[in-house]
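Residue numbers (the UniProt record's numbering): 1 to 275.
Where is the CB? At the ideal position from N, CA and C, for every residue including glycine.
All of these numbers come straight from a predicted model, not from anything done at the bench.
To start, the structure itself, in C-alpha cells.
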Amino acid sequence: MSVLIPDILRAVFEIAAREDRRSALNLALVSRCVRSWVEIVLYSTVCLSRQRTTNNFLRTIETSHDKPRCYFATHVKSLSIVYDMPVDQIRRIVQICSGIENLTTWFISTGRIPSRTWHGVLCSPNPNLDLPFFAHLTHLTVVNIWEQWSTWPNLDSQSGFALPHLTHLSLDITFGVRVLASWEVLAITDAVLAFLDSASLLVCGLRVDQPTEAPTLVAVAARLADEERVVLYRHGEPFQVREAHSDKEGRIWRALERAVAGGSSVRKGGVLFVS
C-alpha cells in the first residue's frame, strides 16, 4: 500500500491539474513532489496567445536553472500559436521543444524569410515543414484560410508532403455565402489530395461553413468521392480558439475518427456536425 498511495495521489493531482489549469498553479505550491507532477501537466500543453506570454515562455525554456532543455523537449507535447508571432521566436521555440506532437497555428513561416512579425492575411505563406519538430507531428490543425494552404508550394508532387508521422489533419474550407468557381474547387481538392499522398494520414477533416446542399460543397465532395479518409464537418463553435491537445480538440478528432471508421466519410455525402 505504501507504494500505491503516491501513485494514487499523483493521479489525483494530475487529473485536477488537467481539469483546471488555473488551480494547477496553486496545486504546484503544495510540495516539491506535487510541483514536479503538476508542472509536467502544465508544460504538456502550451498556448501562446500574446507576445507577453511568448516572452515569458521563451525566458523559461532558455534560461531555466532547475530544468535542462531536454525537459522541455520531452514534456512539451502540444503547442498552439494563435497570433502573429515573430519568425525568430517560432524558430527558438521549436528548436528547444523538439518533441511536439500536436500543433495548432495560424501560420508557420519559412526559415528563409527575414525575421519579422507577420500581420494581416498573406496571399501564399510558405510553411517550412522541414523544421525538426515536424518530424514527430501526429495531429495538425491548420486554421489558415483555404486560399493560403491550397497554394503552399511544398505540396506539389515534386517536393511531397514531409510529415512522416502525421495521422490526423484538419483544414478550413470556409467562404461564407459565395459560390466558388470551378478553378477554386480544383485548387482546394488538388491540395487535399496532395496531403492524402501521405501514407500515414488516417483522418482528414475539412471544416466547412455552408449547408450540405451548397453547390461548392457538392463539387468538393464529388471530386473527393473516392477518399475514405476525408470528412466534411461543421463545428458548433466556429469562432472558438482551437488549442492543440485540448479536450474540445480531442472531441473533434474522435468524432472524425468515428466517421471514418463508420464509413461516414465524404464518399457517403453529408456534413458531420461536431459540438
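Asked, Found
"Across which residues does DSSP place Cys-33 in a beta bridge pair?", "Beta-bridge pairing links Cys-33 to no other residue."
"Can you give me the C-alpha to C-alpha distance between Ala-191 and Cys-70, rounded to a whole angstrom?", "36 angstroms"
"In the DSSP output, what is Ile-173 paired with across the bridge?", "Val-208"
"Does DSSP put Val-143 in a helix, a strand or coil?", "coil"
"Report the rounded CA-to-CA distance for Leu-201 versus Leu-169, giving the unit in angstroms.", "8 angstroms"
"According to DSSP, what are the bridge partners of Cys-70?", "According to DSSP, Cys-70 bridges with nothing at all."
"Only counting the same chain, and skipping five residues up and downstream in sequence, which positions put a Cβ closer than 8 angstroms to that of Val-185?", "Thr-216, Ala-219, Val-220 and Arg-223"
"Could you have a look at Val-179 and say whether DSSP puts it in helix, strand or coil?", "coil"
"Taking just the CA atoms, how far does Trp-152 sit from Leu-140?", "15 angstroms"
"Assign Ser-78 to one of three DSSP states: helix, strand, or coil.", "strand"
"Under 7 angstroms between the Cβ atoms of residue 315 and Arg-207?", "Any property of residue 315 remains undetermined from this structure, which presents the chain solely from 1 to 275."
"Give every residue of the same chain whose Cβ lies closer than 7 angstroms to the Cβ of Leu-42, excluding the five residues on either side of it in the sequence, and list them in chain order.", "Ala-17, Arg-21 and Ala-24"
"Reducing DSSP to helix, strand and coil, say where Thr-167 ends up.", "coil"
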